[in-house]
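Visitor: Which chain is which? The protein sequence lines are A and B, in order.
Residue 1 is where the first sequence starts when you use my numbering, and the numbers rise one by one after that.
Residue 237 is where the second sequence starts when you use my numbering, and the numbers rise one by one after that.
Just so you know, even glycine gets a beta-carbon here, dropped at the ideal spot from N, CA and C.
Note that the coordinates shown come from a computational prediction; the quantities given were computed from them, not determined experimentally.
My structure is below; once you've seen it, I'll send some questions.
There are 2 protein chains.
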Amino acid sequence: MKNKFMKIYENISKQILDGRLIAGDMLPSENELAESHSASRETIRKALKMLSEDGYIHKVQGKGSIVLEMKRLDFPVSGLVSFKELTQKMGERAKTYVETFEKINPSPALQEALKQTEDELVWKVIRVREIDGERIILDKDFLAEKYVPLLTIDICRKSIYEYLEEDLGLSIGFAKKEITIEEPTKEDRKLLDLEGFHSIVVVKSHVYLDNASLFQFTESRHRPDKFRFVDFARRK
Amino acid sequence: MKNKFMKIYENISKQILDGRLIAGDMLPSENELAESHSASRETIRKALKMLSEDGYIHKVQGKGSIVLEMKRLDFPVSGLVSFKELTQKMGERAKTYVETFEKINPSPALQEALKQTEDELVWKVIRVREIDGERIILDKDFLAEKYVPLLTIDICRKSIYEYLEEDLGLSIGFAKKEITIEEPTKEDRKLLDLEGFHSIVVVKSHVYLDNASLFQFTESRHRPDKFRFVDFARRK
DNA sequence: TTGACTAACTTGTATATACAAGTTAGTCTA
DNA sequence: TAGACTAACTTGTATATACAAGTTAGTCAA
């Protein structure tokens with residue numbers, strides 16, 4: 001909330017989310033917005049570019065910016081959000097159970113996934129996510145000990161990301177994710193409520209710190225009926 | 237290829253794709269790039285911002301831009317690409333069969349999805365995509381007749397998008413997609429090779445023209461073993 | 001009426017400048 | 001030696017200006 005263009009972005013996005021601006025409306029021109037926000041046109045353009053990237057508006061050269069329909073997403077896996085952040089929006093309906101918590105010598109496959117050497121250790125955390133009484137998601141996290149020297153089972157019960165960012169001062173930069181569909185394993189069947197389901201959605205993520213060093217590999221396994229991924233894509 | 241920052245983007249992205257720049261390398265500073273490309277720093281920054289958004293590089297304030305690992309994606313559904321564009325990269329291994337081709341009075345649900353009035357007609361096209369002899373994908377397209385007055389079965393066999401963009405001069409702007417997992421329908425089982433599979437990946441898309449008018453609704457149904465979605469996400 | 005043209009808007013691109021903020025390496029001091 | 005400091009880099013933000021390119025509405029002439 002410190003940058004000028006971020007404030008403008010938030011100002012306009014809020015107007016769209018709460019209905020003061022509705023789909024089909026045209027925004028004021030960039031020059032008018034610059035005037036009314038006491039900013040230069042380039043600063044307005046930065047804010048509008050972000051709004052456009054996030055699917056709030058669409059810009060047409062020579063015409064202006066048109067407001068798009070923004071559906072509120074119930075349960076998105078898009079972007080880079082932690083389960084804790086999701087559950088905060090869901091109130092007290094979500095619980096986390098820590099099934100496994102240990103420091104291990106990584107297998108060759110895991111060494112490869114985390115780009116580690118043989119002697120570097122890895123935290124292994126397996127957690128079950130329960131929503132409305134149903135065990136829906138199985139999260140398997142592997143964190144490089146060299147970036148996270150200390151971890152406790154209590155932190156895992158709450159939020160690892162919160163601990164990393166607020167206590168350790170690590171700042172997460174970006175992630176590469178891959179979504180595939182697999183057959184449920186015995187472990188999936190044991191830990192999740194999968195009666196009547198024949199497949200499981202697997203989201204594998206490589207998570208990097210802000211300085212571009214790989215520090216975490218995560219496999220998140222979702223029951224298919226509760227999985228929904230929403231994407232906004234621009235042509236070229 | 238006309239914009240200066242696009243040329244710079246392509247120049248650098250090619251260097252990353254063909255290995256002249258490899259993961260971990262630092263790019264020259266923005267001032268050096270401005271000098272060597274005879275451009276202003278702001279123009280360089282536009283190109284670097286695009287590279288960063290597309291996952292080629294990561295920028296760190298005070299340090300510079302670091303090259304990331306770019307895996308070549310075999311079969312991505314990310315972004316906004318047509319099946320034709322995908323198959324061009326796959327050579328002659330892909331075929332398309334048109335199962336249904338008709339102009340219909342849309343059902344209420346379809347009217348809603350396409351935001352049409354009662355008297356407006358809709359093209360309905362159902363196509364099966366075969367890859368390496370296996371029928372993998374079922375594409376159900378619904379196009380508003382008001383934007384696409386003429387369509388032929390021959391166009392559907394080739395590429396609808398190519399026809400829209402090159403012959404009709406329509407320019408596709410953006411799309412909203414939703415990925416879910418469902419049980420296969422009888423139609424899925426009849427038209428696709430689904431022996432031994434118990435679920436199907438459904439990608440529903442609302443496609444908009446460049447002037448932000450909704451003109452197409454598509455449901456693309458994928459056999460789960462051949463589905464893979466790759467995503468690059470930045471924090472905040 | 002029709003069509004060509006134009007004027008006045010809109011957004012897109014490119015440049016220059018200034019300063020803020022983060023990183024790094026070396027230097028100086030206690 | 002250890003720590004504080006600084007200078008010289010890096011990227012981030014904000015502004016101003018100029019012109020290109022697309023859209024729209026109105027005017028004027030055939």
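On the three-pair Cβ rule with 8 Å, is the stretch 120-128 of chain A touching the stretch 161-176 of chain A?
Guide: Because the criterion of three Cβ pairs below 8 Å is not met, the stretch 120-128 of chain A and the stretch 161-176 of chain A do not touch.
Visitor: Using a Cβ-Cβ cut-off of less than 9 Å, list which residues of the stretch 224-236 of chain A approach chain B; keep chain order.
Guide: Pro224, Asp225, Phe227, Arg228, Phe229, Val230, Asp231, Phe232, Ala233, Arg234, Arg235, Lys236
Visitor: Any beta-carbon of chain A closer than 7 Å to the one on isoleucine 415 of chain B?
Guide: yes
Visitor: Answer yes or no: does any C-beta atom of chain B fall closer than 7 Å to that of valine 60 of chain A?
Guide: yes
Visitor: How should threonine 279 of chain B be labelled, buried or exposed, when 16 other C-beta atoms within 10 angstroms of its C-beta is the threshold for buried?
Guide: buried
Visitor: Around the Cβ of arginine 459 of chain B, are there at least 16 other Cβ atoms within 10 angstroms (buried) or fewer (exposed)?
Guide: buried
Visitor: Under the DSSP definition of a beta bridge, which residues are partnered with lysine 394 of chain B?
Guide: According to DSSP, lysine 394 of chain B bridges with nothing at all.
Visitor: Between isoleucine 66 of chain A and alanine 448 of chain B, is the Cβ-Cβ spacing less than 7 Å?
Guide: yes
Visitor: Cα-Cα, which of A:Ala47, A:Lys103, A:Glu99 is closest to lysine 190 of chain A?
Guide: A:Glu99
Visitor: What is the rounded straight-line gap between the Cα of serine 265 of chain B and the Cα of lysine 462 of chain B?
Guide: 42 Å
Visitor: State the Cα-Cα distance for the pair alanine 469 of chain B and leucine 164 of chain A, rounded to the nearest angstrom.
Guide: Near 18 Å, if we compare the C-alpha coordinates of leucine 164 of chain A and alanine 469 of chain B.
Visitor: Please say whether phenylalanine 5 of chain A and alanine 47 of chain A have beta carbons closer to each other than 7 Å?
Guide: yes
Visitor: Grouping DSSP H, G and I as helix and E and B as strand, with all else coil, what is phenylalanine 463 of chain B?
Guide: Of the three classes helix, strand and coil, the one that applies to phenylalanine 463 of chain B here is coil, per DSSP.
Visitor: What does the Cβ neighbour count give for aspartate 259 of chain A, buried or exposed, with the cut at 16 atoms within 10 Å?
Guide: With chain A running from 1 to 236 in the structure shown, residue 259 of chain A is simply not present.
Visitor: Nearest-angstrom Cα distance between alanine 275 of chain B and leucine 253 of chain B?
Guide: 23 Å
Visitor: If you draw a straight line from the C-alpha of leucine 80 of chain A to the C-alpha of glutamate 418 of chain B, how long is it?
Guide: Because leucine 80 of chain A carries a pLDDT of 46, less than 50, the predicted location of this residue cannot be relied on, and the following value inherits that uncertainty. Each residue's alpha carbon lies about 25 Å from the other.
Visitor: Would you list the one or two residues that DSSP bridges to glutamate 178 of chain A?
Guide: A:Lys204, B:Val466
Visitor: According to DSSP, is serine 13 of chain A helix, strand or coil?
Guide: helix
Visitor: Could you give the DSSP three-state label for leucine 379 of chain B: helix, strand or coil?
Guide: strand
Visitor: Can you list, in chain order, the residues of its chain whose CB lies under 7 Å from that of proline 133 of chain A, leaving out five sequence neighbours each side?
Guide: In the sequence under discussion, the amino acid at residue 133 of chain A is glycine, which differs from the proline named in the question. Correct list: empty, nothing qualifies.
Visitor: Using the beta-carbon of each residue, which ones in chain B are nearer than 9 Å to isoleucine 66 of chain A?
Guide: In chain order: Asn447, Ala448.
Visitor: Whole angstroms is fine: what's the gap from glycine 62 of chain A's alpha carbon to leucine 27 of chain A's?
Guide: 13 Å
Visitor: Name the residues in the stretch 396-413 of chain B whose C-beta lies less than 7 Å from a C-beta of chain A; which are they?
Guide: Ile408, Gly409, Phe410, Ala411, Lys412, Lys413
Visitor: Using a Cβ cut-off of 9 Å, pull out every chain A residue sitting near serine 456 of chain B, in sequence order please.
Guide: Taking a Cβ-Cβ threshold of 9 Å, none of the residues of chain A is close to serine 456 of chain B; the smallest such distance is about 13 Å.
Visitor: What does DSSP give as the partner residues of arginine 221 of chain A in its beta bridges?
Guide: A:Leu138, A:Val202
Visitor: In the DSSP assignment, find the alpha helix (DSSP H) that holds serine 288 of chain B and state where it starts and stops.
Guide: 277-289
Visitor: Leaving out five residues before and five after aspartate 261 of chain B in sequence, what residues of the same chain have Cβ atoms less than 8 Å from its Cβ?
Guide: Ile302, Val303
Visitor: Tell me where the alpha helix (DSSP H) around serine 36 of chain A begins and ends.
Guide: 30-36
Visitor: In whole angstroms, what separates the C-alpha of serine 220 of chain A from that of tyrosine 56 of chain A?
Guide: The C-alpha of tyrosine 56 of chain A is placed about 29 Å away from the C-alpha of serine 220 of chain A.
Visitor: Roughly how far, in whole angstroms, is the beta-carbon of phenylalanine 215 of chain A from the beta-carbon of leucine 209 of chain A, given that I think they are within contact range, below 8 Å?
Guide: 5 Å
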